[in-house]
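Undergrad:
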Amino acid sequence: MMMKKMIILPNCSLNQKPSIHPPSKLPHFSSSNLSIIIPTEKVKKTDREIIPLKVDVFKKLKTTWMKLLDGFVDSVFEFSDQTLHPNQINFAPVEEMGSAVTVTNIQGTLPQDFPHGVYIRNGGNPLFGGLKWVKSIFGESSFIWVEGEGMLHALYFKKASNGKSWEVLYNNRFVETDSFRLEKLEKKRPCFLPTVEGDSVAVLFAFLLNWVRFGKFNKDISNTNVFEHSGKFYSIAENHLPHQIDINTLHTLGNWDLDATAWNNRPFTSHPKKAPETGELVIMGVTSTKPFMEVGIISEDGKRMVHKVDVKLSRSSLSHEIGVTKRYNVILDYALTMDFNRLIRGGPFLKYDKEGYSRIGVMPRYGDSDSIKWFNVKPNCCMHLFNCFELNQHEVVVWGCRANDSVIPGPEKGLNKFEWFSQRFNNQNNKIVVNEEEDNNGGSLLPVAYQWRLNLRTGEVKEKCLIHQSIFMDFPFINLRFTGLPNKFGYAQLLHSSASSNSGMFKFGGLAKLQFQQHTSNDEFSLDDEEIKVECHMLEENSYCSGASFVPRENGEEEDDGWIIAHVHNEITNTSQTNKNILTATTKLIVWAALARINSPHIILRLAWRMPWGSLHCNKSCNLVSIMVEDEKKSDYESRQQQQEAWSDERTVKGMKNNNNLHHYHCIG
C-alpha cells in the first residue's frame, strides 16, 4: 500500500501577508501546539500517532538571532561618555537615594496654611555615568541633552502631630520603563543606539537596529513631566505612553492602561491639559510617519477615549504643548520637524527650519480636521504656553514664550556644539528682533513673552511681544485653576543670557511675575497695546533655578494668593567629586509669597543632596499634590463633579475665586 504524505502547518496560513513586526514579535510556539503527525500501516486511516516536538524551534531561532545582533552591536559600536563643560557640571547625574530622608535644615517657617502635599519634579538623569556618544563603521551619533532617563525628585510636606511644626522628607527614584529595566537590570550596559544627532548613515542604522532588537526606535525615557488624571499620577516624555507611578513611594506601576485600540500606543504629549468645566484630558501625539499628529480627548474618569482625530498635517511637526480654551483646542505647528526622507538624503532626522512656516490651529473641542481654522503667524519656535482663552466670543488669545530658533536638536554635523549654543544665547544687542530678516543668529534661542490674538470671524492675527525684549523667560506657569480661562497673572523663569552663553546651555537666574491685564468697570478683562507689567526677582550670583510652580492658597480670594516654589542650586558649592564621579553638592528649595512682591521674605529648605538640572523640562513638571486624598470620603472624581455643578457657565474670574477645593496642583501648562 502506498504511503500518503501529510503535512500539518502549525497554526498558520500561506495566504497571510508577511509580518511587518521585528523578530521580537515572532509568535511563540510550544510543544503543545507544534507536533509531528505520522500515519502508520498498523492503524486505521482515522487514527494517528502524535509525537510531540521537544525542541521549541522558533524560540531557539529568535534567541540565536538576538544573540547574533547583540554580538554585532557590541563588536561594532563603541559607547563613550560625552564630556561636560565646566559650566555644565550640574547636568551630571546622581544616584538613587534608596529611601526617603528627613530634611532638617529649614530657614524660616512654613505658613500654617501651606498645604500638605508632595512637590514632585521630573528630569533627565542619564544611566551609566552620563549621556553617551557612539562610534562605529557607520559613523558617529550621540544622545542630546534632553534624553537622559527620567528621575523623580519628591519633597513630602506633612504637619507634625503637634499641629505646629512641619515634617519634610525627600526622596528620588528612576522611572522604571521597559527600556530602563532592559539596560539597567538585565543587560547592565547601554544598549539603545542614539537616533537624533550624528552622521546620517549612523543614525539610520541606529533606527534599524533599535527596531529589530527591541521593537522600538528609541528608549522610553519618561523624563519630561508628571501629571494627574482621575486620581492617578503619570510620568511622561514625548515619545511613548505615560507610566503610572505611586506618588508615595515613587515606584513605577506600569504603562497607562489606556485602551490600546483607541490610541494605538501612539506617543503622548508631555503637557496634556484639563478642559475647563468637563475635566476631560486633552492630549495629542506626534510621530514621524503618517498620521503625523492626532488629538484625543480622554474621559474625566480616565477610562475611555471619547474623541480622536487626525489633524492631517503635511509634515511631522514636533509640537511640544497643546492649549485649551473653554470650547477649543489650540494646536501649534512650527518648523521643528522629523523627516526620514531628509535623513535618507543625508540630512538630519530632526531639524528646525528658520525659513519654514509657522501657524496656530483653533479646533472645536470635538471637531475634525476640516473644522480647524489655521492662522499663519511669523516664523517662530514656541515650546511652552502660559495660557489660552476666549475673548469677545470671536477671539482666541494665546500667550507663550517665543524664540527665533529651537534649542533642540542643536547644531548640524561638523559645527562646534558649544560655540553654536553660546552664540545663540548671547544677547549681543540687548534686544531680540522678532522675525529679523538679516542673517544674524545672535540671541536667537532667547525666548520672550509673546501674545497672539486670533480672530475667528475675520482670520486676522495680531501678535506682539508682551514685555520689553531684553527680558527673556521660559517654562511659564499660572494658577492652574484658570487653565483655558481669562487670567490676570503668569509666572516664568528668567533666562540668564550671559550664564547660558558661557555654558552653552539654558540657565535661569531668577523669576518673573507678569500682570497680563486689568479689570474693567464691569469686571471683565481688557487687552491694550501697551507693554504689560512685569516684576523680576533675581537670585544670588551663580545661583540658578528649576522646577518653579505656583501653589494656590486653599481659601485664597485672589488669583495670585499663594506661593511660588522652586529648586535653586548655587554652582559655586559644587565642592568635590566621589570615585563614582557624582557631585556631593547641595540644592535649596525656596518658597516665596506670590501675593506680595516675589522678593518678599521667603522660606529656604536646604537639601543635603544635589538635584541636577536634568533635561530642564523638569521646570514644567512640578506638582504640589495633596497626600490627604486617600483619607477623603469622596473620590477626587466625585468631588470635581460637585465643583463643576457649582460653577457658572460664565466662568468669570470673580466666580473662579470660590473654586478652592481642588486637591491637586500641577504645573503642566
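Just so we're aligned, residue 1 is where the sequence shown starts under the UniProt record's numbering, counting upward by one. Here a beta-carbon is modelled for each residue, glycine too, at the ideal position from N, C-alpha and C.
1. Near residue 23, what residues of its chain come up, given a Cβ to Cβ distance below 6 Å and the 5 sequence neighbours on each side ignored?
2. Quick one: is residue 509 buried, meaning 16 or more other Cβ sit within 10 Å of its Cβ, or exposed?
3. Please tell me whether residue 302 and residue 284 are closer than 9 Å, where the distance is taken between their beta carbons.
4. What's the call for residue 105, buried or exposed, on a 16-neighbour Cβ count within 10 Å?
5. Residues in the same chain with beta-carbon distance under 8 Å from residue 497, minus the five sequence neighbours each way, listed in chain order, please.
6. By DSSP, does residue 290 sit in helix, in strand, or in coil?
7. If I measure Cβ to Cβ from residue 184 and keep anything under 7 Å in the same chain, skipping five residues before and after, which residues do I get?
8. Is the beta carbon of residue 146 sitting closer than 9 Å to the one on residue 129?
9. Please go through the same chain and pick out, in chain order, the residues whose beta-carbon is closer than 7 Å to the beta-carbon of residue 336, but skip the five residues on each side of it.
10. Please name the residue, chosen from 244, 499, 466 and 150, that lies closest to residue 513 on a Cα-to-Cα basis.
11. Could you check what DSSP says for residue 78 in three-state terms: helix, strand or coil?
12. Are the CB atoms of residue 170 and residue 155 within a distance shorter than 9 Å?
13. When burial is assigned at 16 or more other CB atoms within 10 Å of the CB, is residue 363 buried or exposed?
14. Are the CB atoms of residue 210 and residue 192 nearer to each other than 9 Å?
15. Can you check which of these residues, 361, 345 and 290, is closest to residue 321 by C-alpha distance?
16. Okay, do the segment 454 to 464 and the segment 367 to 377 touch, 3+ Cβ pairs below 8 Å being the bar?
17. Could you pull the start and end residues of the alpha helix (DSSP H) that residue 343 belongs to?
18. Among 544, 494, 489 and 270, which residue has its Cα nearest to the Cα of residue 563?
19. Helix, strand or coil for residue 88? Go by DSSP, reduced to three states.
20. Which of the three DSSP states is assigned to residue 402 in this structure?
21. Can you list, in chain order, the residues of its chain whose CB lies under 6 Å from that of residue 315, leaving out five sequence neighbours each side?
22. Nearest to residue 573 by CA position, among 554, 341 and 540, is which residue?
23. Give the straight-line distance between the Cα atoms of residue 307 and residue 456, rounded to the nearest whole angstrom.
24. Which of the three DSSP states, helix, strand or coil, is assigned to residue 303?
25. Measuring alpha carbon to alpha carbon, tell me which residue in 83, 86, 90 and 71 is nearest residue 569.
26. At the level of alpha carbons, what is the spacing between residue 628 and residue 117?
27. Please report the Cβ distance between residue 550 and residue 477, rounded to the nearest whole angstrom; I am assuming they are in contact, meaning their Cβ atoms lie under 8 Å.
28. Looking at C-alpha atoms only, which residue of 132, 212 and 83 is the closest neighbour of residue 68?
29. Within 10 Å of its beta-carbon, does residue 157 have 16 or more other beta-carbons around it, so buried, or fewer, so exposed?
30. Near residue 507, which residues of its chain fall below 6 Å by C-beta distance, leaving aside the five closest residues on each side in sequence?
31. In this structure, what does DSSP give as the bridge partners for residue 450?
32. By how many angstroms is the C-alpha of residue 178 removed from the C-alpha of residue 33?
33. Can you look up residue 113 in the DSSP assignment and give me helix, strand or coil?
34. Residue 264 to residue 294, Cα distance in whole Å?
35. My output table needs one value for residue 232: the three-state DSSP class, helix, strand or coil.
TA: Let me lay it out:
1. On the sequence shown, residue 23 is found 23 positions in, with the first residue counted as 1. With a pLDDT of 41 at residue 23, under the threshold of 50, the modelled position of this residue cannot be trusted, and the question is left open.
2. As a position in the sequence shown, residue 509 is number 509, starting the count at 1. The residue in question, residue 509, is buried, as its Cβ has 16 or more Cβ neighbours within 10 Å.
3. Indexing the sequence shown from 1 puts residue 302 at position 302. Indexing the sequence shown from 1 puts residue 284 at position 284. In this structure, residue 284 does not lie closer than 9 Å to residue 302 by Cβ.
4. Residue 105 sits at position 105 when you count from the first residue of the sequence shown. Flag for residue 105 reads exposed.
5. Counted from its first residue, the sequence shown places residue 497 at position 497. Answer for residue 497: 425, 426, 427, 443, 446 and 472, listed in chain order.
6. As a position in the sequence shown, residue 290 is number 290, starting the count at 1. DSSP places residue 290 in coil when its eight states are reduced to three.
7. On the sequence shown, residue 184 is found 184 positions in, with the first residue counted as 1. Taken in chain order, the residues that qualify are 127.
8. For the purposes of this step, residue 146 is taken as the residue at position 146 of the sequence shown. For the purposes of this step, residue 129 is taken as the residue at position 129 of the sequence shown. No. Outside cutoff.
9. What you label residue 336 is simply residue 336 of the sequence shown in a count that begins at 1. Sequence-distant Cβ neighbours of residue 336 in its own chain, meaning closer than 7 Å and more than five residues away, are 317, 318, 352, 381 and 406.
10. The residue labelled residue 513 in the question sits at position 513 within the sequence shown. Closest option to residue 513, Cα to Cα, is 466.
11. Taking the sequence shown and counting its residues from 1, one reaches residue 78 at position 78. Here residue 78 sits in strand by DSSP.
12. The residue you call residue 155 lines up with position 155 of the sequence shown. The residue you call residue 170 lines up with position 170 of the sequence shown. Taking 9 Å as the Cβ cut-off, residue 155 and residue 170 qualify as a contacting pair.
13. Along the sequence shown, read from residue 1 onward, the residue named residue 363 stands at position 363. Its Cβ being crowded by 16 or more others within 10 Å, residue 363 is buried.
14. The count along the sequence shown starts at 1 and reaches residue 210 at position 210. The count along the sequence shown starts at 1 and reaches residue 192 at position 192. Taking 9 Å as the Cβ cut-off, residue 210 and residue 192 qualify as a contacting pair.
15. By 1-based counting over the sequence shown, the position of residue 321 is 321. Taking each of 361, 345 and 290 in turn and checking the Cα distance to residue 321, the smallest one comes out for 361.
16. Of all C-beta pairs linking the segment 454 to 464 to the segment 367 to 377, three or more are shorter than 8 Å, placing the two stretches in contact.
17. Working through the sequence shown from its first residue, we reach residue 343 at position 343. Taken as a continuous stretch (DSSP letters only), the alpha helix (DSSP H) holding residue 343 covers 340 to 344.
18. Along the sequence shown, one-based indexing puts residue 563 at 563. The shortest Cα separation from residue 563 among 544, 494, 489 and 270 belongs to 489.
19. Your numbering for residue 88 matches position 88 in the sequence shown. If DSSP states are grouped into helix, strand and coil, residue 88 belongs with the helices.
20. Indexing the sequence shown from 1 puts residue 402 at position 402. It is a strand residue.
21. As a position in the sequence shown, residue 315 is number 315, starting the count at 1. Closer than 6 Å at the Cβ level, and outside the excluded window around residue 315, lie 337.
22. As a working mapping, residue 573 is identified with position 573 in the sequence shown. Answer by Cα proximity: 540.
23. Position 307 of the sequence shown, counted from the start, is the residue given in the question as residue 307. Position 456 of the sequence shown, counted from the start, is the residue given in the question as residue 456. The alpha-carbon atoms of residue 307 and residue 456 are separated by roughly 23 Å.
24. The residue you call residue 303 lines up with position 303 of the sequence shown. It is coil, neither helix nor strand.
25. For the purposes of this step, residue 569 is identified with residue 569 of the sequence shown, where counting begins at 1. Ranking 83, 86, 90 and 71 by Cα distance to residue 569 puts 90 first.
26. For this step, residue 628 is matched to residue 628 along the sequence shown. For this step, residue 117 is matched to residue 117 along the sequence shown. Caution applies to residue 628, whose pLDDT of 35 falls short of 50 and renders its modelled position unreliable; the model cannot decide the point.
27. Residue mapping note: residue 550 aligns to position 550 of the sequence shown, counting from 1. Residue mapping note: residue 477 aligns to position 477 of the sequence shown, counting from 1. 6 Å between Cβ atoms; contact.
28. What you label residue 68 is simply residue 68 of the sequence shown in a count that begins at 1. Looking at the Cα atoms, 212 is the closest of the given residues.
29. Translated into positions along the sequence shown, residue 157 becomes position 157. Looking at its Cβ environment, which holds 16 or more other Cβ atoms inside 10 Å, residue 157 is buried.
30. Numbered from 1 along the sequence shown, position 507 holds the residue referred to as residue 507. Closer than 6 Å at the Cβ level, and outside the excluded window around residue 507, lie 496, 499, 500 and 544.
31. For this step, residue 450 is matched to residue 450 along the sequence shown. BP columns for residue 450 point to 400 and 465.
32. Start at 1 with the first residue of the sequence shown, and residue 33 comes out as number 33. Start at 1 with the first residue of the sequence shown, and residue 178 comes out as number 178. Because residue 33 carries a pLDDT of 37, less than 50, the predicted location of this residue cannot be relied on, and no value is offered for it.
33. Along the sequence shown, read from residue 1 onward, the residue named residue 113 stands at position 113. Coil, per DSSP.
34. Position 264 of the sequence shown, counting from 1, holds the residue named residue 264. Position 294 of the sequence shown, counting from 1, holds the residue named residue 294. Going by C-alpha positions, residue 264 is about 11 Å away from residue 294.
35. Taking the first residue of the sequence shown as 1, we reach residue 232 at position 232. Three-state result, residue 232: strand.
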